[in-house]
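Shown next, in structure tokens, is the structure this report addresses.
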Amino acid sequence: MIHSEFSAPTTPIRRWKRNFYGCHPPSITRRYSSAYLPVSPLSKRTLVEFLRPRKLEEVLTVYPGDMLLHKFCQLDPNNVNVEDESLREKIVFAIHAAKAFQISEEVRNFDSFKLEV
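Following the working numbering, the numbering of the sequence shown begins with 1 at its first residue and continues without gaps.
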């Protein structure tokens, strides 16, 4: 048997117990900073409140003004059946604008929602 001058040191490999991660509770518990989750502003906002500042009142000739904005966002712009092409373009634009508004509000609510550590 030939031995070299330089032998690699052998260190035992430390192995964790199988249930190490499962048996201990996490050291950091997180809870919500408030008792309730934030409510989307779209749940109470109507179509009239959204369209008037944007000067898109012509859309109200097709859809009711008391329709919730959340329901309006769920419409498919490809299924708008209106004969007047300019009105159809305004409706499609309003649907896309409402969807963009919904996404921006969700991002804003998510950014303001903080977890306590």
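Cβ coordinates follow ideal geometry from the N, Cα and C atoms, glycine included.
None of the values given here were measured: they were computed from a predicted structure.
Out of the options, state which residue places its alpha-carbon closest to the alpha-carbon of residue i.
{"i": "VAL62", "options": "ARG88, ASN78 and LYS71", "result": "ARG88"}
Taking Cβ positions, are residue i and residue j nearer each other than 8 Å?
{"i": "LEU47", "j": "LEU69", "result": "yes"}
{"i": "ARG54", "j": "ALA100", "result": "no"}
Whole angstroms are fine: how far does the CA of residue j sit from the CA of residue i?
{"i": "ALA35", "j": "ASN81", "result": "Reliability fails at ALA35, whose pLDDT of 48 lies under 50, so the model's placement of it is uncertain and the value that follows must be treated cautiously. Going by the C-alpha atoms only, they are around 44 Å apart."}
{"i": "LYS79", "j": "PHE110", "result": "According to the sequence shown, residue 79 is Asn rather than Lys. Whole-angstrom Cα-Cα distance: 31 Å."}
{"i": "MET67", "j": "ASP84", "result": "22 Å"}
{"i": "GLY65", "j": "SER104", "result": "22 Å"}
{"i": "LEU56", "j": "VAL107", "result": "25 Å"}
{"i": "LYS71", "j": "LYS44", "result": "11 Å"}
Quick one: what's got a C-beta closer than 7 Å to residue i's C-beta in the same chain, skipping five residues either side?
{"i": "VAL59", "result": "LEU51, LYS90, ILE91 and ALA94"}
Could you pull out every residue in the same chain whose Cβ sits closer than 8 Å to the Cβ of residue i, ignoring the five residues on either side in sequence?
{"i": "PRO77", "result": "ILE91, VAL92, ILE95 and HIS96"}
{"i": "GLU49", "result": "LEU69"}
{"i": "SER86", "result": "none"}
Any idea which residues DSSP pairs residue i with across the strands?
{"i": "THR46", "result": "LEU68"}
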